[in-house]
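To start, the structure itself, in structure tokens.
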Amino acid sequence: MSIEIPSLATSDEPADVNPMTPATSNVKAVRTAFSHPISTLVVLLIVIFWTVPTAGLLVNSFRPKVDANTTGWWEFFAHPSLTFQNYHDVLFNSGGTVLPLVNSIAITIPATIIPIFLASMAAYVIAWVRFKGSDFIFFTIFALQVVPIQMALVPLQRFWSHGAHLGSVTIFPELGVNGITEIWLTHTMFSLPLAVFLLHNFIAALPESLIEAARVDGASYLDIFRRIVLPLSTPAIASFAIFQFLWVWNDLLVAKTFGGIDPSQQPITARIQNLSGNFGAHTELLGPAGFIAIIIPLIVFLALQRFFVRGLLAGSVKG
Amino acid sequence: MAVGGFIAILLIIFLVAGRVTGKLQRPLTILICLVPAVVLALIGLVIPAIDTIVTSFTNQQALTQLPAYIHGVGLKNYGYAFTDPESRSTLIRTLQWLIIVPIVAVAVGLAVALLTDRMKRPGLAKTLIFLPTAISGVGASLIWSYVYNAPVYNNDGSAGAQTGLLSQLAIKLGWKHPPAWLITSPGNIYLEMMILIWIQAGFAMVVLGAALKAIPEDILEAARMDGANGFTLFRTVQIPMIRNTLVVVATTITIATLKIFDIVQTINNGNFNTDVLAHKMYTDMFVTNQVGRGAALAVILFLCVVPLVAYNVVQLRKDRTR
Numbered sequence: 001m002s003i004e005i006p007s008l009a010t011s012d013e014p015a016d017v018n019p020m021t022p023a024t025s026n027v028k029a030v031r032t033a034f035s036h037p038i039s040t041l042v043v044l045l046i047v048i049f050w051t052v053p054t055a056g057l058l059v060n061s062f063r064p065k066v067d068a069n070t071t072g073w074w075e076f077f078a079h080p081s082l083t084f085q086n087y088h089d090v091l092f093n094s095g096g097t098v099l100p101l102v103n104s105i106a107i108t109i110p111a112t113i114i115p116i117f118l119a120s121m122a123a124y125v126i127a128w129v130r131f132k133g134s135d136f137i138f139f140t141i142f143a144l145q146v147v148p149i150q151m152a153l154v155p156l157q158r159f160w161s162h163g164a165h166l167g168s169v170t171i172f173p174e175l176g177v178n179g180i181t182e183i184w185l186t187h188t189m190f191s192l193p194l195a196v197f198l199l200h201n202f203i204a205a206l207p208e209s210l211i212e213a214a215r216v217d218g219a220s221y222l223d224i225f226r227r228i229v230l231p232l233s234t235p236a237i238a239s240f241a242i243f244q245f246l247w248v249w250n251d252l253l254v255a256k257t258f259g260g261i262d263p264s265q266q267p268i269t270a271r272i273q274n275l276s277g278n279f280g281a282h283t284e285l286l287g288p289a290g291f292i293a294i295i296i297p298l299i300v301f302l303a304l305q306r307f308f309v310r311g312l313l314a315g316s317v318k319g
Numbered sequence: 320m321a322v323g324g325f326i327a328i329l330l331i332i333f334l335v336a337g338r339v340t341g342k343l344q345r346p347l348t349i350l351i352c353l354v355p356a357v358v359l360a361l362i363g364l365v366i367p368a369i370d371t372i373v374t375s376f377t378n379q380q381a382l383t384q385l386p387a388y389i390h391g392v393g394l395k396n397y398g399y400a401f402t403d404p405e406s407r408s409t410l411i412r413t414l415q416w417l418i419i420v421p422i423v424a425v426a427v428g429l430a431v432a433l434l435t436d437r438m439k440r441p442g443l444a445k446t447l448i449f450l451p452t453a454i455s456g457v458g459a460s461l462i463w464s465y466v467y468n469a470p471v472y473n474n475d476g477s478a479g480a481q482t483g484l485l486s487q488l489a490i491k492l493g494w495k496h497p498p499a500w501l502i503t504s505p506g507n508i509y510l511e512m513m514i515l516i517w518i519q520a521g522f523a524m525v526v527l528g529a530a531l532k533a534i535p536e537d538i539l540e541a542a543r544m545d546g547a548n549g550f551t552l553f554r555t556v557q558i559p560m561i562r563n564t565l566v567v568v569a570t571t572i573t574i575a576t577l578k579i580f581d582i583v584q585t586i587n588n589g590n591f592n593t594d595v596l597a598h599k600m601y602t603d604m605f606v607t608n609q610v611g612r613g614a615a616l617a618v619i620l621f622l623c624v625v626p627l628v629a630y631n632v633v634q635l636r637k638d639r640t641r
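Sequence order for the protein chains is D and W. For the first sequence, this note's numbering gives the first residue as 1, with consecutive numbering after it. For the second sequence, this note's numbering gives the first residue as 320, with consecutive numbering after it.
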């Protein structure tokens, strides 16, 4: 290449791509310099189409009830009328969203943290403490990913209410836990197959020399887990954690099944779904409530986007 | 709270077990680390799954029905699922979802992945398209129900001030009397599908985008030297090279579509001919007291998911050992 081509900014994706040789970076520079204006336009249209609905909700949530109910949200730009009353009502009135938000947090935090520990322990033992049958156990846990939640809903509900019996023999006493606990316990159980799979992928690839050296130094198996494996696994743990957080926070099915109709046991998703079912009543609360429910996972997602993408790609794409 | 207690217990166990040395250490470690996960998986997945399969062969109706009144009925629930008119139309509708959503979501995701590849600063565009993935099905349904708000008419039949974006657009484009979108079948199911596509396309875009980037640059350059450009390049080089990923993405989205519940529940509660498999299963089990039939639907769902997941796993294995 005899022409000097100025290097242009490359994309801001995580550095998973191989570093480019000078020849290929020139090719890329040429491609980028002459990027099609049409493709940019098409992307722009798609992006607008994708973002407009969410923007509509946001704009509407700031409009007074009368305006929001009678005119479209685009009128906001012609006849602006701003109010924070909706958000105030939704947050502070009784029947508002504070309790469901607290419930959602009370459900999501245990359901994210506890599987991390349980799955990493199991993954470590399967990967590094070899024993007869470890392959079989791993394969079974992995295969359990196939079972949809729907298969377990009714039996689990019965289990939480009545315990487990075989005939007249009680294997498991009735636990008497409240809806919130039932929900996060169920989520924990259901996330284990995927969690063990993801963490095992990562933990099995840790350098053997590190663990060998620790063994030689006399560290116990549990010590190695606590001091070496766990700290080194933080990227995989972060990826799983954000997956799990989003999944549990956004879930409706498990929340409805085990939370029932008791409003004090409802997380925010169930509450919104409930609200939207009441035709006409409190519709001015729906916008801000919905937006609050959406903004929290959105913030978490944006902050940890890199780990989320990394987790998605782990095992989905070669390299 | 619960998490604090859990971690405390864990630390204590680790402390105590750390003292053990010698021959017992290995089995003890295995026990401590493996048992909780295995037991929970058993209680939460294996046993309930078997229970549901058994239930699908019974005539159980109410959740709290006494065992004395429940007896086996063979394949009657499955027969019902495929012969009852309402159940059959639900299954057919689910099939429509399964065909349309993955294809459109993958198409959009692929298109955006390719197009943003040529942009100077694709970061913001990609993030905005990926954003709906973080929004719950309920939240997305809420957002889109504002778009789909029914048209408003004055007393004389003329169109009044609209609250729904779709209604506004339709009327501006000349449609004199658009229907109430969400309660008009069969149009409403396509509107609901749009919501799922909106959520899933970002996922397709990210994974396919990474796959496209992983195509070695020299292959692309060689093809370009041979004269292949734009669409030809796309068709003859890029698509075949990401074929495995395309299939994995498509099957993953298909599995998610099979389980779709949130959107159907929030928008219409399955009414107005919008019911799908996973939603009807829920209604059978928890609303209309037809637990046996609901269990059969769950098993049908399970049977549909298994080949898809198996295919995914085989593809991933193939990719790894390449």
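Ideal Cβ placement from N, Cα and C applies to all residues, glycine included. As the structure is a computational prediction, the values presented were derived from the model and not from experiment.
Selection from the options that minimises the alpha carbon distance to residue i
i: W:Asp436; options: W:Thr607, W:Lys532, W:Asn592; result: W:Lys532
i: W:Val431; options: W:Met604, W:Ser477, W:Val526, W:Leu539; result: W:Val526
i: W:Gln344; options: D:Phe308, D:Val196, D:Val129, D:Val300; result: D:Val129
i: D:Val254; options: D:Ala152, D:Leu313, D:Ile109; result: D:Ala152
i: D:Leu91; options: D:Leu192, D:Ile268, D:Leu298, D:Phe202; result: D:Ile268
i: D:Ile183; options: D:Ala106, D:Leu144, D:Glu208, D:Ala219; result: D:Ala106
i: W:Val425; options: W:Ser406, W:Leu515, W:Pro498; result: W:Leu515
i: W:Gln415; options: W:Met544, W:Gly528, W:Ile508, W:Ala469; result: W:Ile508
i: W:Ser460; options: W:Val354, W:Leu417, W:Trp517; result: W:Trp517
i: W:Asn473; options: W:Tyr465, W:Gly458, W:Lys495; result: W:Lys495
Nearest-angstrom Cα separation, counted from residue j out to residue i
i: D:Ser39; j: D:Leu252; result: 38 Å
i: W:Lys491; j: W:Ala480; result: 12 Å
i: W:Ile579; j: W:Pro421; result: 13 Å
i: W:Leu627; j: D:Leu302; result: 30 Å
i: D:Thr321; j: D:Leu99; result: Residue numbering for chain D in the displayed model covers 1 to 319; residue 321 of chain D lies beyond these limits and cannot be assessed.
i: D:Val248; j: W:Ser477; result: 46 Å
i: W:Leu565; j: W:Leu385; result: 49 Å
i: D:Ile137; j: D:His200; result: 12 Å
i: D:Leu304; j: D:Ser239; result: 8 Å
i: W:Leu429; j: W:Thr371; result: 39 Å
i: D:Val335; j: W:Val567; result: For residue 335 of chain D there is no data in the structure shown, the boundaries of chain D being 1 and 319.
i: D:Ser276; j: D:Leu230; result: 43 Å
i: D:Phe34; j: W:Leu539; result: Any reading at D:Phe34 must be qualified, since the residue scores a pLDDT of 43, below 50, and its modelled position is unreliable; the value itself is stated next. So the two alpha carbons sit approximately 17 Å from each other.
i: D:Gly56; j: D:Ile294; result: 14 Å
i: W:Tyr630; j: D:Ala122; result: 26 Å
i: D:Ile228; j: D:Ile211; result: 8 Å
i: D:Gln244; j: D:Ala111; result: 8 Å
i: D:Val47; j: W:Ala530; result: 21 Å
i: W:Val339; j: D:Asp223; result: 12 Å
i: W:Leu410; j: W:Leu596; result: 6 Å
i: D:Lys65; j: D:Leu285; result: 9 Å
i: W:Val471; j: D:Thr54; result: 22 Å
i: D:Asn93; j: D:Arg271; result: 14 Å
Whether residue i touches residue j by CB criterion (9 Å)
i: D:Ile237; j: D:Ile116; result: yes
i: D:Ser61; j: D:Tyr87; result: yes
i: D:Arg158; j: W:Leu382; result: yes
i: W:Ile502; j: W:Ile534; result: no
i: W:Thr348; j: D:Ser220; result: yes
i: D:Trp50; j: W:Ile448; result: yes
i: W:Phe621; j: W:Ala368; result: yes
i: D:Gln85; j: W:Gln584; result: no
i: D:Ile141; j: D:Val196; result: yes
i: W:Tyr397; j: W:Ala615; result: yes
Same chain, Cβ closer than 7 Å to residue i, five either side skipped, listed in chain order
i: W:Leu361; result: none
i: W:Gly391; result: Phe376, Thr377
i: W:Ala542; result: Leu552, Val556
Supposed contact pair residue j and residue i - C-beta distance, whole angstroms, cut 8 Å
i: W:Ile419; j: W:Met512; result: 6 Å
i: D:Val177; j: D:Trp160; result: 7 Å
i: W:Gln634; j: W:Ile572; result: Going by Cβ atoms, the distance from W:Gln634 to W:Ile572 rounds to 14 Å, so no, they are not a contact pair.
i: W:Leu485; j: W:Tyr467; result: 6 Å
i: D:Ile190; j: W:Gly363; result: The sequence shown places Phe at residue 190 of chain D, rather than the Ile named in the question. So it is a contact: roughly 6 Å between Cβ atoms.
i: W:Phe605; j: D:Arg226; result: About 43 Å; that fails the 8 Å criterion.
i: W:Thr482; j: D:Asn69; result: 7 Å
i: W:Ala356; j: D:Ala119; result: 6 Å
Chain-order list of residues whose beta-carbon lies under 6 Å from that of residue i (same chain, five-residue window excluded)
i: D:Val30; result: Confidence at D:Val30 is low in this model, with a pLDDT of 45, below 50, so the placement of that residue should be treated as unreliable; the coordinate-derived value is given next. No residues qualify anywhere along the chain.
i: W:Phe522; result: Thr452
i: D:Trp73; result: Gly56, Val59, Asn60
Contacts around residue i, its chain only, beta-carbon distance under 8 Å, and the 5 residues preceding and following it disregarded
i: D:Asp262; result: Gly179
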